[in-house]
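2 protein chains.
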Amino acid sequence: MKISMQAMAVETFVPMLRSLSGVLDKGAEFATAKKFDSAVLANSRLAPDMYSLIQQVQLACDHAKNSTARLAGLEAPAFEDNEQTLEQLKARIAKTIEYVQGVRAAAFEGAEDRAAVIPILNQNVAIEMNGLQFLRDWALPHFYFHVVTAYDILRHNGVEIGKREYMAHVGTYIRPRR
Amino acid sequence: MKISMQAMAVETFVPMLRSLSGVLDKGAEFATAKKFDSAVLANSRLAPDMYSLIQQVQLACDHAKNSTARLAGLEAPAFEDNEQTLEQLKARIAKTIEYVQGVRAAAFEGAEDRAAVIPILNQNVAIEMNGLQFLRDWALPHFYFHVVTAYDILRHNGVEIGKREYMAHVGTYIRPRR
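Protein chains in written order, with the numbering used here: chain W, 1 to 178; chain B, 1001 to 1178.
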């Protein structure tokens, strides 16, 4: 009845980041077919006071990178938020996948009990979790929030994507029916 | 470096379903304040060929209920898809939480190795995973997809919600800063 923190974290982040990269490809194809600048999609948002697609992708990447580092007891590299195009966002995703995959399995040893303390700005309080709580109750809901909202921005703008793209990773599990 | 399948599944589904119920409350308040029928929100969608808020909530509930049952080796109860109002959707969520919480911990013993086979309609193939792969690569991405898209539908329509509502469960981890 036991699973590893590394399996749960890295093997969530990597396939879902690849899925995110795949839906950006579909966005770029849509812009080409419809003959509009794909930067319009990159700057789209679902509400005027919500983050744009650019920011959703940056945040998905940062949650993956920073959460992996925290669980592994490492300092995360800082990535500058300077992407303007879908191509640049895909590069950001690739760089994030490379980092997440590069963390040694041994670094996750004991990660479920490692303290995760997140200070709340301008308040004299902090969110204090252990590593399991941090992964399940902080990292994953934040990460999925930005991955799905990026998808929803594209889908809302007419890009032809579906669960086939969002769940691309299940392709590896397909077998002939017995 | 080990965590339990039950902790990962049940303790994701329950807090996020409560968060979903909370954003529906905010939707109902918004409709009352703006004096429109909240059924308009319940029937909203982000694209004409995407599921409505009603369907997103039904699907989030079904992924939580059916995944919990599958991991525990049980047959899931069938819930009829007959909700029309936000109030009825909240009842569906409450019923789902009750089911998920009611499954005995012992039933998850060995769940990570339990085979999960999902036939693909009209094709002679199936998706074959073990329990860990099923939870991480199927149940959680589907579940989060519908929870976040429900949120995005409400947010897109002007409902005043933010990470405070989406991440309501982290409130239990707040401590005075040391």
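Note that CB positions come from ideal geometry on N, CA and C, so glycine has one too.
Interface with chain W (8 Å Cβ-Cβ cutoff): Y1173(B) is included.
Between the stretch 1090–1110 of chain B and the stretch 1064–1079 of chain B there are three or more inter-stretch CB-CB distances shorter than 8 Å, so the stretches are counted as touching.
The alpha carbon of F1145(B) has as its nearest neighbour, out of L74(W), R114(W), L20(W) and F30(W), the alpha carbon of L20(W). In the three-state reduction of the DSSP assignment, E128(W) falls in the strand class.
For P1141(B), the three-state secondary structure derived from DSSP is helix. Ranked by Cα distance from R1178(B), the options H142(W), G158(W) and V117(W) are led by V117(W). The alpha-carbon separation between A1009(B) and R70(W) amounts to approximately 22 Å. For L1135(B) and A1064(B), the gap between their C-alpha atoms comes out near 10 Å. For the pair R175(W) and E1128(B), the CB atoms are nearer than the 8 Å cut-off. Note that the C-beta distance between Q1056(B) and T1149(B) is below 8 Å.
When only Cα atoms are considered, E160(W) and Q84(W) end up about 22 Å apart. Linking R1164(B) to C61(W) through their CA atoms gives a straight-line distance of about 21 Å.
In its chain, beyond the 5 residues on either side, Y1151, L1154, I1161 and E1165 have a beta carbon closer than 6 Å to the beta carbon of V1023(B). Nearest CB-CB separation between Q1056(B) and chain W: not below the 8 Å threshold. L1132(B) has its alpha-carbon roughly 17 Å from the corresponding atom of A1126(B).
One alpha carbon belongs to M50(W), the other to S1004(B), and they sit about 35 Å apart.
P1119(B) is bridged by DSSP to A1126(B).
DSSP places P77(W) outside both helix and strand once states are collapsed to three, so it counts as coil.
8 Å or more divides the Cβ of L41(W) from the Cβ of A33(W).
Contact of R155(W) with chain B is assigned, a C-beta pair being separated by under 8 Å. For P48(W), the three-state secondary structure derived from DSSP is coil. Each of E1109(B), L1121(B) and G1027(B) was checked against the Cα of L1089(B), and the nearest Cα belongs to G1027(B). Just measuring C-alpha positions, the residue of R1018(B), Q1123(B), A1105(B) and L1086(B) sitting nearest A1072(B) is A1105(B). Taking all protein chains shown into account, N1122(B) has fewer than 16 neighbouring C-beta atoms within 10 Å of its C-beta and is therefore exposed. Residues are counted here when their Cβ sits less than 8 Å from a Cβ of chain B; for the stretch 94–121 of chain W these are F108, E109, G110, A111, E112, P119 and I120, given in chain order. Note that the C-beta distance between V14(W) and Q101(W) is below 8 Å.
If you look at R114(W), you'll find it isn't in any alpha helix (DSSP H); DSSP assigns it neither H nor E. V1023(B) is outside the set of residues whose beta carbon lies under 8 Å from a beta carbon in chain W. The C-beta of R18(W) comes no closer than 8 Å to any C-beta of chain B. Flagged as an interface residue toward chain B: L46(W), by a C-beta distance shorter than 8 Å. H1156(B) sits close to A47(W), with the two beta carbons spaced by under 8 Å. With contacts defined as CB atoms closer than 8 Å, S1052(B) and A1139(B) fail to qualify as a contacting pair.
It is roughly 14 Å from the alpha-carbon of I54(W) to the alpha-carbon of D25(W).
Residue pairing for P176(W): DSSP places it in a beta bridge opposite V1125(B). Nearest to G158(W) by C-alpha distance, out of S38(W), E11(W), T12(W) and N124(W), is S38(W). In the structure shown, the three-state DSSP call for S4(W) is strand.
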